[in-house]
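Please read the structure below before turning to the comments.
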Amino acid sequence: MIFIILERILAHTSFFLLFLITLIFWGKTIYTRNEKLDHFGKKGMVIAYSCVTGFLLNRWIYSGHLPLSNLYESSMFLSWSFSLIHIILEVRSPNFWLGTITAPSAMLTHAFATLGIPKEMQQSAVLVPALQSNWLMMHVSMMMLSYATLLLGSLLAIAFLCISFERNTDFPVYYYDTKPSIFSFLRRDLHSSNREKKGSFLQKKFCLLSIDYRRWRLTQQLDHWSYRIIGLGFPLLTIGILSGAVWANEAWGSYWSWDPKETWALITWLIFAIYLHTRMNRGWQGRKSAIVASLGFLIIWICYLGVNSLGRGLHSYGWLI
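Per full-length UniProt numbering, the very first residue in the sequence shown carries number 1; after that it's consecutive.
Shown next as structure tokens:
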């Protein structure tokens, strides 16, 4: 009884913090940059991460197995993974905008687990025979970590496409207005008879130039971090699939049976393999590679939720996951 009460406290506290942190990150991005809000957002995410970690450990203790046996537990683990990635990125990169993607991702998966899944499906149950293996920790944890990492990389690619929509991402956009150079443009206007009017014109041009430069910088950072994060998630996905094949051979006597879950996992792997291949060998950058990564975002959700909801194949227990 104590474990259940503690679990509920940790779940509701972490959800409230993630919701508040999401509002902070979006609010300070849209309206203002404030050091106090930045500090609270960072500290709040650490506290929320600690609460979700406590939730998973508490569940592990009283259930007797790694909390990845049903949809509720795996969704909470996915939220935990997003929070962990957020904290790592906060250390590695000073970009404040990363929190506007990682925080909502952690919050929404947490909301799906606590609010979208029926109470009876949130209960911990005895593992089915196929799950009673030491490979559970290796395979499922690697798959969930890879899902979180690849989803985040795909979200950054989607954000890149949204920001660069109908825009040329190659800076500068307004250089054609400043021929032959910015300085000669300034000299002509400063020596004109109507300085106030020209000054207003210059101010607008420099404002547009500044906006486009920031847009270009943001799209470059989104593309860069999307590539790096997907580059991290792909090996995790590979390890997860290989360990799952070994586990399948141990449980069912076959490394690969073309089960729907296995098939979609392979499709997911191929999509991101194409993404990395075109980036490294074809030199694709920007919109082309972002479109491939965006497709991967949809494929992952089909693999994680769509296939499980069908309740068919060797992973048919997964629709209760």
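Glycine included, each C-beta is placed from N, C-alpha and C at the ideal position.
Item: Residue environment, Pro118, which counts as buried when at least 16 other CB atoms sit within 10 Å; Value: exposed
Item: Separation of Arg8 from Gly233, as counted between CA atoms; Value: 31 Å
Item: CA nearest to the CA of Arg217, picked from Ala265, Thr268, Ser164; Value: Ser164
Item: Pair within 8 Å by beta-carbon distance, Leu136 and Leu66; Value: yes
Item: Residue range of the alpha helix (DSSP H) that includes Thr102; Value: 99 to 111
Item: Proximity of Leu84 and Cys51 at Cβ, strictly below 8 Å; Value: no
Item: Asn58 beta carbon less than 8 Å from that of Phe3; Value: yes
Item: Local Cβ density within 10 Å of Phe183, reported as buried at 16 or more and exposed below that; Value: Confidence is the limiting factor: at Phe183 the pLDDT is only 35, short of 50, which leaves the residue's position unreliable, though a coordinate-based value still follows. Answer is exposed; the Cβ neighbour count stays below 16.
Item: 8 Å contact criterion, which Leu20 and Gly44 should meet: CB distance rounded; Value: 7 Å
Item: Pair within 8 Å by beta-carbon distance, Gly240 and Ser133; Value: no
Item: Any alpha helix (DSSP H) of 4 or more consecutive residues that is wholly inside the segment 246 to 294; Value: 260 to 280
Item: Which of helix, strand or coil DSSP assigns to Ser133; Value: coil
Item: From His110, Ala103, Leu150, residue whose alpha carbon lies closest to that of Ile24; Value: Ala103
Item: Own chain residues within Cβ distance below 7 Å of Ile47, not counting five before or after; Value: Leu17
Item: Rounded separation between Leu37 and Gly244 - CA only; Value: 43 Å
Item: Reduced DSSP category for His65 - H, G, I as helix; E, B as strand; rest coil; Value: coil
Item: Under 8 Å between C-beta atoms of Phe82 and Ser105; Value: yes
Item: Simplified DSSP state of Pro118, which is helix, strand or coil; Value: coil
Item: From Val128, Thr109, Ile5, Ser294, residue whose alpha carbon lies closest to that of Ala251; Value: Val128
Item: Local Cβ density within 10 Å of Lys261, reported as buried at 16 or more and exposed below that; Value: buried
Item: Whole-Å CB distance - Ala113 paired with Ser75, under 8 Å assumed; Value: 4 Å
Item: From Phe77, Trp256, Asn249, residue whose alpha carbon lies closest to that of Tyr304; Value: Phe77
Item: Proximity below 8 Å, CB of Thr268 to CB of Ile300; Value: yes
Item: Straight-line gap, Tyr39 to Tyr72 (C-alpha atoms, nearest Å); Value: Residue identity differs from the one stated: residue 39 is His in this sequence, not Tyr. Approximately 31 Å between the Cα atoms of the pair.
Item: Rounded Cβ spacing between Leu156 and Ile229 (contact assumed at less than 8 Å); Value: 7 Å
Item: CA-to-CA distance, Asp223 to Gly286, given in whole angstroms; Value: 6 Å
Item: Selection from Ser154, Leu266, Leu295, Asp259 that minimises the alpha carbon distance to Gly231; Value: Ser154
Item: Residue range of the alpha helix (DSSP H) that includes Val91; Value: 71 to 92
Item: Ser50 (DSSP reduced to helix, strand or coil); Value: helix
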